[in-house]
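In the working numbering, each residue carries its 1-based index in the sequence shown increased by 8.
Cβ coordinates follow ideal geometry from the N, Cα and C atoms, glycine included.
Remember, it's a predicted structure, so these values are computed and weren't measured experimentally.
Here the structure is laid out as structure tokens; the discussion comes afterwards.
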Amino acid sequence: MAYKCVAVFGACGLEGELLLTALADAELGVDSIKAYADDGEGETVMYRGRPVAVHDSSAADFNGVDVAIMLTEGFSDLSLIDLAEDAGVVVLDCTDTLAQRGDVAIYCNSFADIEGGRLFAIADAVSSHVAAVLRLLPQASIRSVNVAVAQPVSVWGRSGVETLAAETARLLNGQVPEESSFGQQLAFNVLARQEHSAALEHSLASLLDLGGSPVAVSASEMLVPVFYGHTAMLRVSCVDKVELAKVKRQLAESELFRLFPSDDTSEATPVNLQGSDTIDISALSVDRQDETVFRCTVVGDNLRNGAVINIIALLKILIKINI
Numbered sequence: 009m010a011y012k013c014v015a016v017f018g019a020c021g022l023e024g025e026l027l028l029t030a031l032a033d034a035e036l037g038v039d040s041i042k043a044y045a046d047d048g049e050g051e052t053v054m055y056r057g058r059p060v061a062v063h064d065s066s067a068a069d070f071n072g073v074d075v076a077i078m079l080t081e082g083f084s085d086l087s088l089i090d091l092a093e094d095a096g097v098v099v100l101d102c103t104d105t106l107a108q109r110g111d112v113a114i115y116c117n118s119f120a121d122i123e124g125g126r127l128f129a130i131a132d133a134v135s136s137h138v139a140a141v142l143r144l145l146p147q148a149s150i151r152s153v154n155v156a157v158a159q160p161v162s163v164w165g166r167s168g169v170e171t172l173a174a175e176t177a178r179l180l181n182g183q184v185p186e187e188s189s190f191g192q193q194l195a196f197n198v199l200a201r202q203e204h205s206a207a208l209e210h211s212l213a214s215l216l217d218l219g220g221s222p223v224a225v226s227a228s229e230m231l232v233p234v235f236y237g238h239t240a241m242l243r244v245s246c247v248d249k250v251e252l253a254k255v256k257r258q259l260a261e262s263e264l265f266r267l268f269p270s271d272d273t274s275e276a277t278p279v280n281l282q283g284s285d286t287i288d289i290s291a292l293s294v295d296r297q298d299e300t301v302f303r304c305t306v307v308g309d310n311l312r313n314g315a316v317i318n319i320i321a322l323l324k325i326l327i328k329i330n331i
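As structure tokens, this is what we get:
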């Protein structure tokens, strides 16, 4: 079954721009796009080289729509998810709304368990990347996961990137940054982002729940003055002694990952993501006091290798199995 018409909510944001490009490049048979965004009336986005008019989310019309994709930037009317469901539309939700319901599986590109239905929660980039690494371990072997994440300003969308660029330029020229909607200076600063930690804990725990004992996940986040690419520092407690050599071998053999240090680079950093869609791993080591605990750093592109790649992969699966 081909999806002829796709509605994208949050179409004007950074992820929206990447998603429209990915939809065109993936050749999924999507003939038309309905583009929506909060206060988006009068804007346009590009799809297959042609401008598409953007409408305000309040004007959403699901008539003739096969799939509705809810992104996080520039979309806030979560009641539209229920309206799309009532209209019988396939819903791919990146806002954490469906994930919190508890009856909708969270989808991640590196593994999938599609059991029918038309509602799908899309995993965030950090959960996707961390779960991909930890799923290399034997099933039911993890007791707990502690993760501290340094998030780039692009998690706050285009306005986060533009604000950091403007503040950096003004400060380097001896000028005071202008006030922004974020309430705090982004440039040369670190901001706690604890309000999103609970969602990250829930998403990652769900992705690691493979039918064994539930994995306890504790997460903390901070916003750092980096444009793109998150850095997640993990402490993973396992049931038995960690076979680190086996984990390293699995990482080295998979095209999904890059293991550092490499021949020319000592460690994984957001800067080293340039031109790569891999999940980068460094500082992989067993705890000196407890051989059942290991630590590592996971670095990934939060936009190119985040929700967008999960959405495209899921659409391919749904078309194949005729949902």
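Note down the Cα distance separating residue i from residue j, rounded to an integer number of angstroms.
i: Ser87; j: Arg243; result: 37 Å
i: Ala173; j: Ala195; result: 8 Å
i: Ser226; j: His204; result: 12 Å
i: Val198; j: Arg109; result: 32 Å
i: Val53; j: Val99; result: 21 Å
i: Leu259; j: His238; result: 19 Å
i: Phe235; j: Ser135; result: 19 Å
i: Glu51; j: Glu175; result: 26 Å
i: Ile331; j: Arg303; result: 40 Å
i: Arg143; j: Cys20; result: 34 Å
i: Asn117; j: Asp309; result: 14 Å
i: Ala10; j: Ser214; result: 29 Å
i: Gly376; j: Met230; result: Residue 376 cannot be examined here, being either before or after the span of the chain that is shown, 9 to 331.
i: Leu36; j: Lys324; result: 7 Å
i: Ser149; j: Asp217; result: 11 Å
i: Leu179; j: Glu187; result: 13 Å
i: Val294; j: Val279; result: 26 Å
i: Leu31; j: Leu311; result: 15 Å
i: Gln192; j: Lys249; result: 44 Å
i: Pro269; j: Asp298; result: 24 Å
i: Ser152; j: Val255; result: 17 Å
i: Asn313; j: Gly182; result: 36 Å
i: Asp132; j: Ser167; result: 19 Å
i: Val301; j: Glu261; result: 23 Å
i: Asn318; j: Leu22; result: 16 Å
i: Lys12; j: Ile287; result: 32 Å
i: Ser290; j: Gly283; result: 18 Å
i: Ile114; j: Ala321; result: 13 Å
Which of helix, strand or coil does DSSP assign to residue i?
i: Gly24; result: helix
i: Arg151; result: strand
i: Val306; result: strand
i: Asp111; result: coil
i: Ile122; result: coil
i: Asp12; result: The displayed chain sequence assigns Lys, not Asp, to residue 12. Of the three classes helix, strand and coil, the one that applies to Lys12 here is coil, per DSSP.
i: Ile320; result: helix
i: Ile327; result: helix
i: Ala34; result: coil
i: Ala224; result: strand
Would you list the one or two residues that DSSP bridges to residue i?
i: Asp101; result: Met78 and Ala129
i: Pro278; result: Per DSSP, none; premise fails for Pro278.
i: Phe265; result: Ile287
i: Arg58; result: Tyr55
i: Val301; result: Ser245
i: Asp94; result: None; Asp94 has no bridge partner.
i: Glu416; result: Residue 416 lies beyond the range of the chain shown here (9 to 331); nothing can be said about it.
i: Tyr44; result: Phe17 and His63
i: His238; result: Gly308
i: Leu199; result: Leu231
i: Ser332; result: The chain is shown only over 9 to 331; residue 332 falls outside these bounds and no answer can be derived.
Determine the closest residue to residue i out of the options, with distance taken between C-alpha atoms.
i: His63; options: Arg178, Val16, Ser274 and Asn117; result: Val16
i: Leu28; options: Val60, Arg109 and Ile130; result: Val60
i: Met241; options: Asp74, Ala92, Asp104 and Val157; result: Val157
i: Thr105; options: Leu79, Asn117, Ala95 and Val161; result: Leu79
i: Thr305; options: Gln297, Asn154 and Asp132; result: Asn154
i: Ser228; options: Cys102, Glu209, Pro269 and Ser214; result: Glu209
i: Gly57; options: Arg296, Ser40 and Ala107; result: Ser40
i: Val316; options: Cys13, Glu25 and Lys12; result: Glu25
i: Asp111; options: Phe128, Gly96 and Glu261; result: Phe128
i: Ser211; options: Glu261, Val138 and Asn313; result: Val138
i: Val169; options: Ser189, Gln183, Arg151 and Leu252; result: Ser189
i: Val163; options: Ala92, Val255 and Gly82; result: Gly82
i: Gln202; options: Val307, Lys42 and Gln159; result: Gln159
i: Leu326; options: Gly182, Arg126 and Leu281; result: Arg126
i: Ala45; options: Ile319, Ser66 and Ala34; result: Ser66
i: Glu251; options: Ile122, Lys42 and Leu145; result: Leu145
i: Val141; options: Glu275, Leu267, Ala321 and Thr273; result: Leu267
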